[in-house]
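Protein chains: 2
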Amino acid sequence: MPVEMQSTLEPRKTPVQARSTVTVEAIAEAAIQVLLSHGVERLTTTRVAERAGVSVGTLYQYYPNKQALLFAVLEAHLDKVTALLSRACEESHGLPIKAMVKHVIEAFVDAKMERTDVSMALYKIAAELGGVKVVRSVGERSHRTIEQMLMTVPGVQFEDVKFTARMMMATMAGTTRNVLEAGATPALVKGLRKHLVLLCQSYLQSCNAHAV
Amino acid sequence: MPVEMQSTLEPRKTPVQARSTVTVEAIAEAAIQVLLSHGVERLTTTRVAERAGVSVGTLYQYYPNKQALLFAVLEAHLDKVTALLSRACEESHGLPIKAMVKHVIEAFVDAKMERTDVSMALYKIAAELGGVKVVRSVGERSHRTIEQMLMTVPGVQFEDVKFTARMMMATMAGTTRNVLEAGATPALVKGLRKHLVLLCQSYLQSCNAHAV
DNA sequence: TCCAAACCTGAAGCTTCCTTCATAAACCTG
DNA sequence: CAGGTTTATGAAGGAAGCTTCAGGTTTGGA
Numbered sequence: 026m027p028v029e030m031q032s033t034l035e036p037r038k039t040p041v042q043a044r045s046t047v048t049v050e051a052i053a054e055a056a057i058q059v060l061l062s063h064g065v066e067r068l069t070t071t072r073v074a075e076r077a078g079v080s081v082g083t084l085y086q087y088y089p090n091k092q093a094l095l096f097a098v099l100e101a102h103l104d105k106v107t108a109l110l111s112r113a114c115e116e117s118h119g120l121p122i123k124a125m126v127k128h129v130i131e132a133f134v135d136a137k138m139e140r141t142d143v144s145m146a147l148y149k150i151a152a153e154l155g156g157v158k159v160v161r162s163v164g165e166r167s168h169r170t171i172e173q174m175l176m177t178v179p180g181v182q183f184e185d186v187k188f189t190a191r192m193m194m195a196t197m198a199g200t201t202r203n204v205l206e207a208g209a210t211p212a213l214v215k216g217l218r219k220h221l222v223l224l225c226q227s228y229l230q231s232c233n234a235h236a237v
Numbered sequence: 026m027p028v029e030m031q032s033t034l035e036p037r038k039t040p041v042q043a044r045s046t047v048t049v050e051a052i053a054e055a056a057i058q059v060l061l062s063h064g065v066e067r068l069t070t071t072r073v074a075e076r077a078g079v080s081v082g083t084l085y086q087y088y089p090n091k092q093a094l095l096f097a098v099l100e101a102h103l104d105k106v107t108a109l110l111s112r113a114c115e116e117s118h119g120l121p122i123k124a125m126v127k128h129v130i131e132a133f134v135d136a137k138m139e140r141t142d143v144s145m146a147l148y149k150i151a152a153e154l155g156g157v158k159v160v161r162s163v164g165e166r167s168h169r170t171i172e173q174m175l176m177t178v179p180g181v182q183f184e185d186v187k188f189t190a191r192m193m194m195a196t197m198a199g200t201t202r203n204v205l206e207a208g209a210t211p212a213l214v215k216g217l218r219k220h221l222v223l224l225c226q227s228y229l230q231s232c233n234a235h236a237v
């Protein structure tokens, strides 16, 4: 039987004054830093608060519990990446397939690489209790977006758009993750940007039911 | 500063009699079950022992600490998958590229899907303290294996074998993971098997420096 | 200036968990 | 079956973490 979620994940109180807004952001940022320097297992609310320069009590004023804090951080990042991906999809509506793929892939890689530290830290949260659920729900939105985009390609008819979109997403996410976990050196990132485009272009080409 | 490993991860005692061999295996299996039903965060040594039908003390007789237990389980699985992958690579030495890819990919997918529960449970461990390290070191072995295999393809010359091998591996791992986390239904697995082959075939083809 | 609301503090309660060890049972060999 | 070895037990020590709350400080408007 899967574990049940914490009862409340909603923020306990929303910032009103400017200082508390700063505090809330500092806490979220601190969570990422602690995640990176100590690992999930040793991420404690006290340590996060300390790193953020506030007391534990303050943390609990805005996040009902530890899990809610982690989820909030995860969700913020996923939302951001998803938004950038969606925008790239819209922008490439009607483009020929090769250009479309290039545009979307590069947008994705850039979004993920903008803050490599955050991306890496979040893989750890995602593996936690229920984290998979969050990832999956955001993933589904992106999935639909890509699927729709693929359907607008002029002169191309895919055999199974749904699955093709899934493979493309999984490939993007998987290879990017691999590079991130290998250290995300500039050389690697550059290689990823180029090869991932090539990879998806050739895949989509060969999935096209219409002749070559 | 990254977290340091536990001092000892080596087994404290190796089974001599038959009953203890059974016990050790039961404990490892129980760890997987608990991981799946309760999540990493709620995996406790007591719970694992209970599930295995032994007392905590027994667990500590063979595993020096909790982390060692988790690592042992992770490593066993990775070794198994790696071995199967290597074998597939050797078997396809000299084959034309399309056949080679098909053989290797299918071996990998089958290895991962043989026990979907284990594969899924281990993603959680891998995210833990140092787990990334274990995965990376095993991954490097596979990387070299695949790289060498790619170099034996008759009539094909890759521009950057090293990176190409990396992309291929990351894609295999990434898409397989995606399907696993989506529930690994027979339909999905079937689709993965087919599309992943197609994906890698077309990618490798387009990486080939020798014309089409 | 004054006050209510917003914000912050951090010691302490409570729970959970890891790990040990003294003791007991099971096994095996001669 | 006797003695030594291997294996199993589980209560309890001790450490660590999550969360609360009673009381203090700061802010911003009237």
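Each protein sequence line maps, in turn, to chains A and B.
According to our numbering, the first sequence is numbered sequentially starting from 26.
According to our numbering, the second sequence is numbered sequentially starting from 26.
Ideal Cβ positions, reconstructed from N, Cα and C, are used throughout, including at glycine.
Values in this document were obtained by computation on a predicted structure and should not be read as measured data.
Given residue i, which residues of its chain have a CB within under 7 Å of its CB, disregarding the five upstream and five downstream residues?
{"i": "L99/B", "result": "L147, I150, A151, G156 and V159"}
{"i": "L221/B", "result": "I130, V134, M197 and T200"}
{"i": "A190/B", "result": "H168, I171, E172 and L175"}
{"i": "L217/A", "result": "V134, T200, T201 and V204"}
{"i": "V143/B", "result": "I57 and H102"}
{"i": "L109/A", "result": "A132 and A136"}
{"i": "G119/A", "result": "T177 and P179"}
{"i": "M138/B", "result": "A209 and V214"}
{"i": "F183/A", "result": "L175, T189, C232, N233 and A234"}
For residue i, I'd like the list of residues in its chain whose CB is within less than 8 Å of its CB, leaving aside the five on either flank, ordered along the chain.
{"i": "A124/A", "result": "S117"}
{"i": "R72/B", "result": "V59 and H63"}
{"i": "C114/B", "result": "V129, T170, I171, Q173 and M174"}
{"i": "A207/B", "result": "L213"}
{"i": "T141/A", "result": "L205 and A209"}
{"i": "T33/A", "result": "P89, N90 and A93"}
{"i": "R112/A", "result": "A132"}
{"i": "M194/B", "result": "G164, S167, H168 and I171"}
{"i": "E35/B", "result": "P89 and A93"}
{"i": "D192/B", "result": "The sequence given here places Met at residue 192/B; Asp does not occur at that position. Excluding positions up to five away in sequence, the list reads Y228."}
Where does residue i fall in DSSP's three states?
{"i": "N233/B", "result": "strand"}
{"i": "C225/B", "result": "helix"}
Can you give me the Cβ contacts of residue i inside the same chain, cut-off strictly under 6 Å, excluding the 5 residues immediately before and after it?
{"i": "A77/A", "result": "A51, I52 and A55"}
{"i": "L95/B", "result": "I150"}
{"i": "V49/A", "result": "P40 and Y87"}
{"i": "L223/A", "result": "none"}
{"i": "M145/A", "result": "L205"}
{"i": "K105/A", "result": "none"}
How would you write the range of the alpha helix (DSSP H) that residue i sits in, first residue to last?
{"i": "F188/B", "result": "V186 to E206"}
{"i": "V162/A", "result": "The question names Val, yet the displayed sequence has Ser at residue 162/A. It spans G156 to M176 - the alpha helix (DSSP H) in which S162/A sits, taken as one unbroken run."}
{"i": "K91/A", "result": "K91 to E116"}
{"i": "Q42/A", "result": "Q42/A -> no alpha helix (DSSP H), and no H or E assigned at all."}
{"i": "S144/B", "result": "T141 to A152"}
{"i": "V129/A", "result": "I122 to M138"}
{"i": "Y88/A", "result": "Premise fails: Y88/A is in no alpha helix (DSSP H) and is neither H nor E."}
{"i": "R76/B", "result": "T70 to A77"}
Considering only their Cβ atoms, is the gap separating residue j from residue i smaller than 8 Å?
{"i": "Y87/A", "j": "R161/A", "result": "no"}
{"i": "V126/B", "j": "Q226/B", "result": "yes"}
{"i": "V181/A", "j": "N233/A", "result": "yes"}
{"i": "P179/B", "j": "P121/B", "result": "yes"}
{"i": "V81/B", "j": "A74/B", "result": "yes"}
{"i": "L238/A", "j": "T70/A", "result": "The structure shown has nothing for residue 238/A, since chain A only spans 26 to 237."}
{"i": "R166/A", "j": "T107/A", "result": "yes"}
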